[in-house]
Amino acid sequence: MEDKTQELVEKLLENQDTIEKILEKIILLEKTGALDTLADLAAFVKVVQDTLSDEIIKKNSELITNLGLVSAKFTSDNALMLIDAIGDAICRCDKEPEPVGLTGLLKAMNDPDVKFALGFLINMAKALGRALRERA
Amino acid sequence: MKRVVILGGGVAGTLTANYLVPKIKERIKNEEVQITLISDRNFQIYEPGFLYMIFNRLGEGELKRNLGELVDPAVQLVIDRATKIDADNSRVVTENGSYDYDYLVIATGSRVVPEEIPGLKEGGHWFYNLEGATRLREALAKFNGGKIVVSVMGIPHKCPVAPMEVTFILHDFLRRRNLRDKSELLYTYPINKIFTMDPVVELIQPMFDERGIQYKTFFNPIEVDAKNRKVITLEGEEESYDLLIAIPPHKGAQVIIDSGLGDKGGWVPTDKYTLRVDGYDNMYALGDATNLPVSKAGSVAHFQAEVVAENLAAEIEGIEPTAMFNGKAFCFIETGWEEATYIWFDYFTPPRPVLPSKFVHFVKMAYNKAYWLTARGLL
Ligand SMILES: Cc1cc2nc3c(=O)[nH]c(=O)nc-3n(C[C@H](O)[C@H](O)[C@H](O)COP(=O)(O)OP(=O)(O)OC[C@H]3O[C@@H](n4cnc5c(N)ncnc54)[C@H](O)[C@@H]3O)c2cc1C
Numbered sequence: 001m002e003d004k005t006q007e008l009v010e011k012l013l014e015n016q017d018t019i020e021k022i023l024e025k026i027i028l029l030e031k032t033g034a035l036d037t038l039a040d041l042a043a044f045v046k047v048v049q050d051t052l053s054d055e056i057i058k059k060n061s062e063l064i065t066n067l068g069l070v071s072a073k074f075t076s077d078n079a080l081m082l083i084d085a086i087g088d089a090i091c092r093c094d095k096e097p098e099p100v101g102l103t104g105l106l107k108a109m110n111d112p113d114v115k116f117a118l119g120f121l122i123n124m125a126k127a128l129g130r131a132l133r134e135r136a
Numbered sequence: 001m002k003r004v005v006i007l008g009g010g011v012a013g014t015l016t017a018n019y020l021v022p023k024i025k026e027r028i029k030n031e032e033v034q035i036t037l038i039s040d041r042n043f044q045i046y047e048p049g050f051l052y053m054i055f056n057r058l059g060e061g062e063l064k065r066n067l068g069e070l071v072d073p074a075v076q077l078v079i080d081r082a083t084k085i086d087a088d089n090s091r092v093v094t095e096n097g098s099y100d101y102d103y104l105v106i107a108t109g110s111r112v113v114p115e116e117i118p119g120l121k122e123g124g125h126w127f128y129n130l131e132g133a134t135r136l137r138e139a140l141a142k143f144n145g146g147k148i149v150v151s152v153m154g155i156p157h158k159c160p161v162a163p164m165e166v167t168f169i170l171h172d173f174l175r176r177r178n179l180r181d182k183s184e185l186l187y188t189y190p191i192n193k194i195f196t197m198d199p200v201v202e203l204i205q206p207m208f209d210e211r212g213i214q215y216k217t218f219f220n221p222i223e224v225d226a227k228n229r230k231v232i233t234l235e236g237e238e239e240s241y242d243l244l245i246a247i248p249p250h251k252g253a254q255v256i257i258d259s260g261l262g263d264k265g266g267w268v269p270t271d272k273y274t275l276r277v278d279g280y281d282n283m284y285a286l287g288d289a290t291n292l293p294v295s296k297a298g299s300v301a302h303f304q305a306e307v308v309a310e311n312l313a314a315e316i317e318g319i320e321p322t323a324m325f326n327g328k329a330f331c332f333i334e335t336g337w338e339e340a341t342y343i344w345f346d347y348f349t350p351p352r353p354v355l356p357s358k359f360v361h362f363v364k365m366a367y368n369k370a371y372w373l374t375a376r377g378l379l
């Protein structure tokens, strides 16, 4: 017993500076009530640690990764411009749609705005075709 | 138009391309600059996953992604094998064509050459490439007890800590399968200690002792006697084994050797701060391909890519390049089936490992999936 007490005293003396610093922090935490919060937080962290598993971690990280990879492309300058333009189109297009048949479609094709959008869609189709072929 | 050619579609090449694009996107759009990435395969492999694949904790399919998914769409992606870098004429020759460049980035990585140790291919296993990992997974599933030797057979090798990690995981793998009592685990290292860095030795060696993992230092295998299942060393020792897991010697890419750009190991002589290839103003090298005294690790390739991309962008803009690589590396160290620690260090700072914990292991497991965000330049 004597030996153990002596060992303990030696250890305390050896680390006096560190222990004083730690004590000061703990006293402050206790006085402000933050120590209780920290104890609660520790219990929360422990429950997270005990319930997580490699499988849960893998599944969730994969999901986030896939979203991240896709979102990198949907936030490129071009994609943002398109999404922004679609947003404008949705906001401005307040007229009730009328049913359109083949003649209506042909007539609409004379509209310069529709022509422009069609040109864009054809460009898109070309790029999409290439991207699909690259992945085949 | 200025042409940047990046050779190699691993971590280093992909990240350099992905970091470079946003810095000079206007110039790419205006066709003042073209970035071409040449790689000999259309996918990338997440090599750290081999450590899990051999224990069947990750499948082969989880370790691969198409380069098309990973490389910025503004980069011209060419799938072709380079056969020669003609540095005098600033041209890369491939099997199917040739590409002139104003700037070249060498990111051709490293590869294992088990054939350099006679008998190793016949008598041993490794997990440092896909075929090796596939074979070892089978051998481990069939393993019924006996002596496993984990032997580092050459320095430098990729991921310096992986041999320690595989040893720790093996210990737990055998315990879980009730085979630990029937097995011996021996780890060998070529120099006079179990790892190059003292703070890591101070943490790991007592952990090996606690687990009854044996180790030998100054152990430099020169031959494997496949028939009698023995490793023979330069120091004149012989060590028997039932299952040999080797970290085979490594070399730089064949194209570096064939182009006369490498030293005798095929490593490209590179400035440790600027990452310029010695003697060439318009060539950078990074990742495993260099001769630098830093770890051959994906994290190193990552930090280097930031520097190369910044300096290339500066040069293209006509600004003096000033970014410098400080030698930073980051490595997780799995210390068992479900605990891990990590270290980071650079040219000026030694590593200080934290105590192993379950959380660090979880972060590593998450990163095994999230790595692709790093390759894309997002994480
Ligand atoms: C088992 C294992 C565990 C690891 N664990 C970790 C870890 O935990 N943390 C970590 O940071 N790192 C780890 N690493 C290391 C990491 O995987 C490598 O350091 C990293 O892959 C190096 O990237 P790189 O781009 O330089 O080379 P590589 O990834 O090897 O890429 C080189 C690319 O160049 C291509 N190429 C080569 N020659 C030619 C040619 N002639 N023409 C066209 N293309 C060519 C190749 O096909 C390849 O795509 C580990 C490695 C292994 C094997």
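Protein chains in written order, with full-length UniProt numbering: chain E, 1 to 136; chain F, 1 to 379. Just so it is clear, CB atoms sit at the ideal spot from N, CA and C, and this is done for glycine as well.
DSSP on residue i, reduced to helix/strand/coil?
i                      : result
residue 76 of chain E  : coil
residue 128 of chain E : helix
residue 93 of chain E  : coil
residue 259 of chain F : coil
residue 335 of chain F : coil
residue 40 of chain E  : helix
residue 117 of chain F : coil
Of the choices the options, whose alpha-carbon is the least far from that of residue i?
i                      : options                    : result
residue 445 of chain F : F:150, F:376, F:202, F:230 : Chain F is shown only over 1 to 379; residue 445 of chain F falls outside these bounds and no answer can be derived.
residue 352 of chain F : F:362, F:332, F:370        : F:332
residue 374 of chain F : F:299, F:55, F:83          : F:299
residue 77 of chain E  : F:225, F:74, F:12          : F:74
residue 326 of chain F : F:306, F:45, F:228         : F:306
residue 102 of chain F : F:35, F:232, F:71, F:250   : F:35
residue 163 of chain F : F:100, F:286, F:322, F:125 : F:125
residue 235 of chain F : F:246, F:260, F:216        : F:216
residue 247 of chain F : F:91, F:24, F:362, F:219   : F:219
residue 223 of chain F : F:70, F:15, F:116          : F:116
residue 85 of chain F  : F:268, F:322, F:338        : F:268
residue 283 of chain F : F:312, F:263, F:114        : F:312
residue 454 of chain F : F:32, F:165, F:27          : For chain F, the structure presents residues 1 to 379; residue 454 of chain F sits outside this window and is missing.
residue 45 of chain E  : F:61, F:358, F:99, F:365   : F:358
residue 30 of chain F  : F:209, F:2, F:50, F:14     : F:2
residue 99 of chain E  : E:108, E:70, E:92          : E:108
residue 41 of chain F  : F:65, F:363, F:189, F:19   : F:65
Run the CB neighbour count on residue i, radius 10 Å, all protein chains shown included, and call it buried at 16 or more, exposed below.
i                      : result
residue 356 of chain F : buried
residue 87 of chain E  : exposed
residue 304 of chain F : buried
residue 159 of chain F : buried
residue 81 of chain F  : exposed
residue 277 of chain F : buried
residue 245 of chain F : buried
residue 43 of chain E  : exposed
residue 183 of chain F : buried
residue 44 of chain F  : buried
residue 4 of chain F   : buried
The alpha helix (DSSP H) spanning residue i covers which residue range?
i                      : result
residue 51 of chain F  : 50–53
residue 199 of chain F : 198–210
residue 17 of chain E  : 16–32
residue 281 of chain F : Note, residue 281 of chain F: premise wrong, no alpha helix (DSSP H); not H, not E.
residue 244 of chain F : Premise fails: residue 244 of chain F lies in the beta strand (DSSP E), 243–247, not in any alpha helix (DSSP H).
residue 19 of chain F  : 11–23
residue 368 of chain F : 358–375
residue 130 of chain F : 130–142
residue 173 of chain F : 162–176
Can you find the residues in the same chain that come closer than 6 Å, C-beta to C-beta, to residue i, ignoring five residues on each side of it along the sequence?
i                      : result
residue 180 of chain F : 174
residue 46 of chain F  : 63, 371
residue 196 of chain F : none
residue 328 of chain F : 303, 346
residue 344 of chain F : 330
Leaving out five residues before and five after residue i in sequence, what residues of the same chain have Cβ atoms less than 8 Å from its Cβ?
i                      : result
residue 253 of chain F : 8, 108, 109, 110, 111, 266, 289
Which residues in the same chain have their Cβ closer than 7 Å to the Cβ of residue i, if we skip the five residues on either side of it in sequence?
i                      : result
residue 205 of chain F : 194
residue 335 of chain F : 168, 207, 341, 356
residue 273 of chain F : 324, 325
residue 17 of chain F  : 6, 35, 37, 71, 72, 75
residue 49 of chain F  : 58, 62, 63, 368
Over the uninterrupted beta strand (DSSP E) stretch that includes residue i, give me the two end residues.
i                      : result
residue 151 of chain F : 146–152
residue 311 of chain F : That residue, residue 311 of chain F, is in no beta strand (DSSP E); its alpha helix (DSSP H) goes 298–317.
residue 101 of chain E : Unbroken run through residue 101 of chain E: none, as it is neither H nor E.
residue 221 of chain F : 221–225
residue 106 of chain F : 103–106
residue 195 of chain F : Note, residue 195 of chain F: premise wrong, no beta strand (DSSP E); not H, not E.
residue 252 of chain F : 250–252
residue 187 of chain F : 183–188
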